[in-house]
Structure formats: structure tokens, C-alpha cells
Amino acid sequence: MTLGILGGGQLGWMLGIAARRLGIECVFLDPAESCTADLVGERIRAAYDDPDALAELARRCDVITYEFENVPATAAASLAATIPVRPGWNSLETSQDRLVEKRFLAEHGVPVPPFHAVDDVASLAAAITEIGTPAILKTRHGGYDGKGQVVLRDADAASDAIDAIGGRPAILEAMIDFDLEASVLVVRGVDGTTKAWPPIRNQHAAGILRRSECPAPGVSPRAGSAMVEHAVRIAEALDHVGVLTVEFFVIGDEVLANEIAPRVHNSGHLTIEFSETDQFENHVRAVTGHPLGPTDARHGHGIMLNAIGDSPSPSALADAGVAVVDPAGVATEGSHRNGDAVFHGYRKAARVARKVGHLTITADSIDPHRSDTLAAIVPGAVAD
Ligand code: ATP
Ligand code: MG
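The number in our numbering is simply the position in the sequence shown, starting from 1, with 1 added.
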């Protein structure tokens, strides 16, 4: 069995590690000169919409998946004509456009922040009248890590905000004064079976995820079960196959869906150590038609810290007793004293705001001193 993966970044790498564990080879398609996923599989180096490259990928593989949602419609269509593409077009189309996504969620009974379509100064004025300020103007297409977003403090800033996002089609969203952010990952098999991991609390700074934690502190049982129910309902409504992630804002027992990702997700990286079956393995299992693994926790507590901009130094990791994973995803022998902390480096050069690795801590109960010490050595991470 050979799995084709569009995208060869760190998500592709971690999917490839899980696939190899199941005896499945991966072939990646990615135009970049070098890719993290090169550590675990062969790659066709070409643009995502290159017809010859897509034909070669389809010929070499049994099923296709992807690590990012901005798969060009033409590529998805040309692949789907000859080979299963999972998750399918419903999931891609819905998550590629924030307006389509928010309408879809609202139509399926999932609460979302107030929003309004914005195409120009006139529709932004109408949106401000309806939603008020402060609000966030977000491009409909192509945003990630807070890119393509601008906070609108008052109506006077409207035309500057339009300029700031390059006049692209957008939505205006009410600024939500949430208590916390959380995500729920679900996986759905070809046969429609679903499994969910417990909700994860996420902390962002400057629009970028810094820290994830499970069980999610501050999430009430009611909010937690509402999020899981919404995520399962969304996966079913999309006839989704694979992992689906739903990001939420939590206000007391109330939850509002922020966005969906039809794929494995940064907030789910802690499942590698924390869960019986991690998000990558269950995604591979789902898209290749294998039975799903259990999503139960193996530890009482898990925390993930993102390394952003630069990696922690090897000596700082060694001094702190942190294991490091090798290209095959295995924590190297003798690299750590405490089995509780593992660093996954993506072999990426340092660059401002770039995710270059993550560190996961697991224990029955994590000592806050331990997590604070580790947060101090991981560039870009935040302490609780
Ligand atoms: P990513 O790809 O990292 O998930 P993104 O660029 O797709 O991010 P969003 O998830 O929409 O963008 O927003 C990034 C972060 O900005 C959110 O996690 C949240 O912290 C903040 N944010 C976004 N929308 C709102 C809102 N309506 N009210 C308050 N905060 C918001
Ligand atoms: Mg987001």
C-alpha cells in the first residue's frame, strides 16, 4: 500500500512516520527545495497543480491525502478522477473559504461568532453597523498563523483595514472576549466510525499557537461534550474521512466554533505521546481503510510547547533532560534522563514566526515548575 501526500512539511513527516509503522510507504508532492518529509519518503518535486506530477503521484499510489487545506481545486479534481482523495472535496471546499465555512457551521447548528461578508468599503461599513467594533477582518482564503487578519478597533480604521488585507474578499467577525481557546480532533473512518480525542486547550500569541494542554484546564464537562458533539456532527455532515480538527472559543459553558481544518493539526501533536493512538496514525488508518485505533489517554496530563522562530539548543535540551526524536520519530536512546519530555525538531532553518519544532511533556500530573523550566528553553513558547 502506498499513500500519496500533498505537502511535505512537518505534518507530512509525522504522517510518514505513522504510515511506516503500519507498513505503508508514502510518496510526497511538494515544490520546495528541501522538506522535512524527505526524512521518511520519496518526493516528487513539482507544483501542486502540475498535471504530469499529479499523474505520476496517482500512478504510484493507492490513495491520496494532504497536510494542508489549500489544495488547488484543479489538483483535487484531476486526482479524484483516478484515485481516492481522502478527505474528499466537501471537506476541502468548506475549509478553504472562511465565508463558506462559517455558513456551513451555522447551517449545521454549530454556534459561530457573528460574521458578515466583506468585499469592499461599502460592505465593510454594513458589516460594522451589524457587528460593531472591535472586530477582526479576515481574508476568506489562504490565511494561517494569523496571517491575512487585521483587528478593527473602530469604524474610522475601515479603509486602512481593507488596505491591510490587500482588498481581498474577506469576512468581518466579532471580536470574542473568550475565557480560553480549545480544539477537538475527531477521526472518521471510511465506514463512518468516529472517534474523538479529549478537548485540548490552546494558547496563542500574535496569532500563533504556543502551547496546548490536555486535559484542557478550565473547560467544563458541558463545554467539553458540546465541542465533541459539534466536531463529530461536522465530520458526518462533510462525509469526512480522516482527522478533522475544530477550533473553538470557550466562554463558560458556551462554545463558538472558530474554524475547521480537514487534517491533522498542530494542537494535536501531543497525541503522539499522550494518546493510545496519535492523530497521525489514525489519519493514516482512516484514509487507507484500516480500523481506527483507540484515542484514550495514556497519561494523566500532556503539554505541548511550540518552538517558533528558532529551535532550543541541543545542550539546553540535554541539560533539561529532554529526549529528542530521530528522523524515524523515535526518541533516541540515552538522550534523556527523564522520560517525560521529548523534542521533535523539524530540521528547518531559523526564521521569524516559523514553527521549527515542538516539545511534549507527559506525566500523571505535570509539575508546573517543570513545564515553566522547559517553556523557558523553547523559543516562542509561553508558560501557563
Ligand atoms: P491558524 O492557522 O494558526 O489556526 P488562522 O490564521 O487560520 O490560524 P484563526 O484561527 O482564525 O486564524 O485566528 C488565529 C487566532 O486569532 C485565534 O486562535 C484567536 O486567538 C485569535 N482570533 C481569531 N478570531 C478571533 C475572534 N473572532 N475573536 C477573538 N480572537 C480571535
Ligand atoms: Mg486557527
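The beta-carbon is built from N, C-alpha and C at its ideal position, and this holds for glycine as well.
Check: Nonlocal neighbours in the same chain, by C-beta distance under 7 Å from Y67, ignoring five residues either side; Outcome: I6, L7, G8, R264
Check: Helix, strand or coil at V191 [DSSP, three-state]; Outcome: coil
Check: For H142, the nearest candidate out of E174, L125, L100 (CA to CA); Outcome: L100
Check: Three CB pairs or more closer than 8 Å across the region 41-58 and the region 346-364; Outcome: no
Check: Distance cut-off 8 Å: E260 Cβ against heavy atoms of ligand 2; Outcome: yes
Check: Closest by C-alpha distance to C27, when choosing among N307, D50, C62; Outcome: C62
Check: Local conformation of K103 per DSSP, three classes; Outcome: helix
Check: E248 Cβ short of 8 Å to ligand 2 heavy atom set; Outcome: yes
Check: First and last residue of the uninterrupted beta strand (DSSP E) at I261; Outcome: 255-262
Check: For Y67, the residue or residues it bridges with in DSSP; Outcome: L7
Check: Residues near P52 by beta carbon distance below 8 Å, same chain, minus five either side; Outcome: S79
Check: Closest by C-alpha distance to D385, when choosing among L106, W198, N203, A48; Outcome: N203
Check: Euclidean distance between Cα positions of A33 and I166; Outcome: 26 Å
Check: Nearest-angstrom Cα separation, counted from D39 out to G110; Outcome: 41 Å
Check: Per DSSP, the bridge partner or partners of A136; Outcome: L153, A175
Check: CA nearest to the CA of F249, picked from H284, L106, P380; Outcome: L106
Check: Identity of the residues DSSP links to V86 by a beta bridge; Outcome: I65
Check: Straight-line Cα distance separating M176 from S213; Outcome: 22 Å
Check: Run of the alpha helix (DSSP H) containing L245, from where it starts to where it stops; Outcome: Looking at the DSSP string, L245 is not in any alpha helix (DSSP H); the run it does join, the beta strand (DSSP E), is 243-252.
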